[in-house]
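Numbering-wise, this note's numbering puts 493 at position 235 of the sequence shown, and it's gapless, one number per residue. Worksheet for the structure shown next.
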Amino acid sequence: MKLETLKHGYDFTGMPINPLVHYWAPGVSHDLATRHWSLTDVRSRVDLSAWQTFTADLPRDPYVNSRWKRMSWLALDETGEVREMGHCPMAQGGAFNAAESMADRLRYYEPLTPEFLDRPDVKAFVHAWAMLWNLGPNEPILMQITGVRGEGQVDPLQGQGIHADGCKALSIMVLQRENVSGGTNHLYADQAGAQSLMSATLQEGDILHLHDDRIYHSIDDLAQQEQNTAFERFIIIINSRFVDEFQNRILRRHFPDAVLNETR
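Shown next, in the form of structure tokens:
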């Protein structure tokens, strides 16, 4: 009986099996619980080549040279469906972003396009990510497509160095990497960088999950491999449960009914 019911998509209790339960590779949840980070990939879960097409029309970031970006605020509704919450600026206090062009100010960006957000593999990715972090309905999720392109050498962090983003749940996925040398990600137990936890150069489709309130991260400079061709490196950043009081104040102002990670 159990095998028969499982064959039809149900377990022996008669309840439907959520296909997203096994979205992430085995061990990801255990890694996050024990060491606060996990490196895996989503190449079998998303149409990476289709996602890469959405880097072509990214607007320039008005606050950072050589960067392009879109972002949207998302949440699960009571039925588990992914929905857009609406407009809200990005806000990072100086404790989490030391760059003069970004710290302690509201930053406004164009939203992710409906063509991207309506893709079934994008919805599944966001839903599975929310499940990984045990997010409930109406918890704001910030999803970005962002990256750099150009010539020579670029610091993708604009001088931030070893830092935290001001949240509890953070994942960084490499979407596109062309003609790039460098760009190695580093994790540390301390902001001074004395206790290194991991170093890895993420390839397209790799995703790094981390407890941003417990460990720090940085990335090396990017440079061209072939000098006659510009380089590109674009990433998906998705995060939630903000510990940055500045961001939480702005979220409350724009989404009065949102479930926030209140710090006080």
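For every residue, glycine included, the Cβ atom is placed at its ideal position computed from N, Cα and C. Note that the structure is predicted; figures quoted are calculated from it, not measured.
What residues are listed by DSSP as bridge partners for L443?
Just to set this straight, residue 443 is Asn in the shown sequence, not Leu. Under DSSP, N443 forms a beta bridge with A458 and I477.
Pull up the DSSP beta-bridge partners for E342, would you.
E342 is bridged by DSSP to L332.
Between which two residues does the alpha helix (DSSP H) carrying V384 extend?
Run containing V384: P378 to L390, per the alpha helix (DSSP H) assignment.
Contact the region 332 to 348 vs the region 294 to 302: 3+ CB pairs below 8 Å:
Result no; under three Cβ-Cβ pairs closer than 8 Å.
Going by other Cβ atoms of all chains shown within 10 Å of its Cβ, with 16 needed for buried, is T337 buried or exposed?
Label assigned to T337: exposed.
Counting only the same chain and skipping the five closest in sequence on each side, list residues whose C-beta sits under 6 Å from that of R511.
The answer is none, since no qualifying residue turns up.
Which residues mark the beginning and the end of the alpha helix (DSSP H) in which W309 is found?
Counting along the chain, W309 sits inside the alpha helix (DSSP H) bounded by residues L306 to Q310.
Simplified DSSP state of V279, which is helix, strand or coil:
Looking at V279 - three-state DSSP - the assignment turns out to be helix.
Using three-state DSSP, classify H469 as helix, strand or coil.
Residue state for H469 is assigned as strand, using DSSP reduced to three classes.
Among V279, P284, L290 and A283, which has the Cα closest to the Cα of R472?
Per the Cα distances, L290.
Going by alpha carbons, who is nearest to Q461 out of H288, L306 and P398?
By alpha-carbon distance to Q461, the top candidate from H288, L306 and P398 is L306.
Quick one, which of R365, V340 and M431 has its alpha-carbon nearest R303's?
Checked all of R365, V340 and M431; the closest Cα to R303 is M431.
Can you tell me which of the three DSSP states L518 falls into?
If DSSP states are grouped into helix, strand and coil, L518 belongs with coil.
Who does L400 pair with in a DSSP beta bridge?
For L400, which the question treats as bridged, DSSP gives the partners W331 and N497.
Which stretch, first to last residue, makes up the alpha helix (DSSP H) that contains T313?
Judged by DSSP secondary structure, T313 falls outside any alpha helix (DSSP H); it is assigned neither H nor E.
Just mark Y474 as buried or exposed, buried being the case when its beta carbon has 16 or more other beta carbons within 10 Å.
Buried, by the Cβ-count rule.
Could you say which of E503, A488, H469 and S324 lies nearest to S287 if we only look at CA atoms?
It is H469 whose Cα lies nearest to the Cα of S287.
Taking DSSP's pairing of strands, which residues face D523 in a bridge?
Since the first and last residues shown for the chain are 259 and 522, residue 523 lies out of range.
For the alpha helix (DSSP H) containing Q505, list its first residue and its last residue.
Its alpha helix (DSSP H) spans residues E503 to H512.
In whole angstroms, what separates the C-alpha of L428 from that of E484?
Between L428 and E484, the C-alpha separation is close to 32 Å.
Residue nearest to D515 in terms of C-alpha spacing, selected from G344, Y281, L278 and D319:
With distances taken between Cα atoms, D515 lies closest to G344.
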